[in-house]
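With my numbering applied, the sequence shown corresponds to residues 106 to 351, in that order. Quick notes on the structure that follows.
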Amino acid sequence: MLPQPIRILALLVLPFAFSSSLLAQSDKDFQRRRQALETAAHALHETGQHDLAAAVEQRLQAFDEQRREAEKHREAEHINAEVLNTLKILREEVEHLNAQVAELREQLEGRARAEHREAMRHVDVAGAWQMSMPAGWEHDVTITHEEENLYRVKTKAANLAGIYRREADLLIVETPQEKRMHGLVWQLLDYHTLKLIEGPDYLGSVMQRTPAKEFIEEELIEIKKSDPAPKKRREKLDEDVDPFGE
C-alpha cells in the first residue's frame, strides 16, 4: 500500500489529470472523480496541510461550477435541437399548407374562370367598339355576326381585322385580314370590354363598347349620307302641312 503522502498526492493528481475531459464525462464518472477530490481534501486536513486542502476544495468548487456550466450548455443544446426539430416540422407543415393553398387557388380560379365563361357566353359582341392600342392609337371597330359562331371584325387597323370564331368569352381569329396575324385571341372581360390576350403583336389592346345611343346616331348619319332623299321629302311635307289647320 502506498504511503499516506503519496496516496494524497495521487488523489490530487488523478482529478487534475482528467480535468480537460471532465466536462465530457458521464455523471457516474464525474461523481467518482469529485469524490476523489473530496477524499483528498479530507486527508490533507487530517495531516495538517490545510492550505493544500483549501486549494483542493477551491478546485472542487471550480469543477462544480464547470459541471453546472456544462449542464447548462448541454441543456441549451438539447433545447436548440428541439427548436430546430420544431422548426423543421413547422417548415414542412408550411410547405404542405402552401401546396394546399396553391391547389385551392387553382380550383377557385378554375371555378371563377368557368363561371365567367358561362356568364360571357350569352353576351352579344356584335356592334360598335372603340379600340385603344398600347402605342396610343385609337380606331373605331365594328363587329358583325356572320353565321353561327363566326364574327367579322372591321377596322382601319387591318392587322387586327378578320373573321373570328366565338368560343364562350373568347374571340379567336379564323381568317386574319393580314396573313401574319395568326393566333389573335380577344377575351370578353365584361359586357363593355374586350382585351387582346394572345397574338404575335399588339398584346394588351383593349376594345370598349360604344354606347348604344352614340352608335345609333352614327348609323343615322351614315344613312343620311347615303340617302338624302327622305330629308327632302320631309321638308316638302312640312311645307304642305299647315300647323294651324288653316
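Idealized CB from N, CA, C, for every residue including glycine. Bear in mind that the values here come from a model prediction, so they are computed numbers and not experimental data.
Close Cβ partners of residue i (< 6 angstroms) along its chain, the five nearest in sequence each way excluded
{"i": "I248", "result": "V230, A231, Y256 and V258"}
{"i": "V311", "result": "S237 and K300"}
{"i": "P239", "result": "G309"}
{"i": "M286", "result": "N264"}
{"i": "E223", "result": "none"}
{"i": "R338", "result": "Since pLDDT at R338 reaches only 46, below the 50 mark, its modelled position is unreliable, and no value is offered."}
{"i": "A122", "result": "Unreliable placement is indicated for A122, whose pLDDT of 42 sits below 50; the coordinate value is still reported in the next sentence. None."}
{"i": "E251", "result": "R257"}
{"i": "T260", "result": "H244, V246 and A266"}
Same chain, Cβ closer than 7 angstroms to residue i, neighbours up to 5 away in sequence not counted
{"i": "V346", "result": "Because V346 sits at a pLDDT of 44, beneath the cut-off of 50, its placement in the model cannot be relied upon, and the point is left open."}
{"i": "Q313", "result": "W234, Q235, H297 and T298"}
{"i": "S126", "result": "Any reading at S126 is ruled out, since the residue's pLDDT is 48, under 50, leaving its predicted position unreliable."}
Distance CB(residue i)-CB(residue j) smaller than 9 angstroms
{"i": "V228", "j": "L293", "result": "yes"}
{"i": "A233", "j": "V246", "result": "yes"}
{"i": "R216", "j": "D274", "result": "no"}
{"i": "G267", "j": "E283", "result": "yes"}
{"i": "F168", "j": "R138", "result": "yes"}
{"i": "L165", "j": "A146", "result": "yes"}
Chain-order list of residues whose beta-carbon lies under 8 angstroms from that of residue i (same chain, five-residue window excluded)
{"i": "N254", "result": "R270, R271 and E272"}
{"i": "H155", "result": "L149"}
{"i": "E303", "result": "G288, L289 and V290"}
{"i": "D306", "result": "N264 and M286"}
{"i": "E279", "result": "L255, G267, I268, Y269 and R270"}
{"i": "E200", "result": "none"}
Residues bridged to residue i (per DSSP)
{"i": "I248", "result": "G232 and V258"}
{"i": "S310", "result": "Bridge partners of S310: none, in fact."}
{"i": "W291", "result": "L276 and L301"}
{"i": "E243", "result": "S237"}
{"i": "P281", "result": "G267"}
**Study point:** Segment contact flag, the stretch 137–144 with the stretch 154–171, C-beta cutoff 8 angstroms, min 3 pairs
**Key:** Taking 8 angstroms as the limit for Cβ pairs, the verdict is that the stretch 154–171 does touch the stretch 137–144.
Practice item. Write down every uninterrupted run of the alpha helix (DSSP H) in the stretch 175–214 whose length is 4 residues or greater and which is fully enclosed by it, in chain order. Key: The stretch 175–214 contains no whole alpha helix (DSSP H) run of 4 or more residues.
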